[in-house]
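**Student:** Numbering (the numbering used here), first residue to last: 29 to 149.
Ideal Cβ placement from N, Cα and C applies to all residues, glycine included.
A quick note: this is a predicted structure, and the numbers were derived from the prediction, not measured.
1. Does the Cβ-Cβ distance between residue 90 and residue 96 come in under 7 Å?
2. Have a look at 88, 74, 84 and 114 and flag the residue whose alpha-carbon is nearest the alpha-carbon of residue 51.
3. Can you list, in chain order, the residues of its chain with a C-beta nearer than 7 Å to that of residue 125? Leave out the 5 residues immediately preceding and following it.
4. Would you call residue 93 buried or exposed, if buried means 16 or more other Cβ atoms sit within 10 Å of its Cβ?
5. Please decide whether residue 36 counts as near chain C, where near means a Cβ-Cβ distance under 7 Å.
6. The alpha helix (DSSP H) spanning residue 139 covers which residue range?
7. With respect to the alpha helix (DSSP H) encompassing residue 60, which residues constitute its N-terminal and C-terminal limits?
8. Excluding the five sequence neighbours on either side, which residues of its own chain have a C-beta within less than 7 Å of the C-beta of residue 30, listed in chain order?
9. Would you call residue 129 buried or exposed, if buried means 16 or more other Cβ atoms sit within 10 Å of its Cβ?
10. Helix, strand or coil, according to DSSP, for residue 97 in the structure here?
11. Look at the alpha carbon of residue 62 and the alpha carbon of residue 117, and state the distance between them as a whole number of angstroms.
12. Looking at the structure shown, is residue 32 part of a helix, part of a strand, or coil, going by DSSP?
13. Could you tell me if residue 101 is buried or exposed, where buried requires 16 or more neighbouring beta carbons within 10 angstroms of its beta carbon?
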């Protein structure tokens, strides 16, 4: 993994999560700017997937390939599921759901880097 890019993804996800929680505290529904920020974050995650695949194709190997691929692909699923939930139930709590989904991303990115470095547990 490219550490700098992973940090960028994690920081972006944290910023969007904070934005979601502020919107929730203000009793706001998920609005278009927030949804656009989620889409940008998802694009960063797609870029991370591409980087991960290129590194694998180049011969680099993580500590556990199966775990690495699970986190790499799983990180792509979190935001669309959270967004689908939030759009299905347009309420203050749906904005908080988006924040929670965004908070899962830095955790998954951290774990991706740990697995890439050789941690298997």
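**Tutor:** The relevant details are as follows:
1. Taking 7 Å as the Cβ cut-off, residue 90 and residue 96 qualify as a contacting pair.
2. Nearest to residue 51 by C-alpha distance, out of 88, 74, 84 and 114, is 114.
3. In its chain, beyond the 5 residues on either side, 110, 113 and 114 have a beta carbon closer than 7 Å to the beta carbon of residue 125.
4. By the neighbour-count rule (16 or more Cβ atoms within 10 Å), residue 93 is not buried but exposed.
5. This model lacks chain C altogether, as it is built from one protein chain only.
6. Going by DSSP, residue 139 is part of the alpha helix (DSSP H) stretching over 120 to 145.
7. Element bounds for residue 60: 60 to 85.
8. Hits under 7 Å: 79.
9. The residue is buried, with at least 16 neighbouring Cβ atoms inside 10 Å.
10. DSSP places residue 97 in helix when its eight states are reduced to three.
11. C-alpha separation (whole angstroms): 16 Å.
12. The answer is helix: DSSP assigns residue 32 an H, G or I state.
13. Classification of residue 101: exposed, given that the 10 Å Cβ count is below 16.
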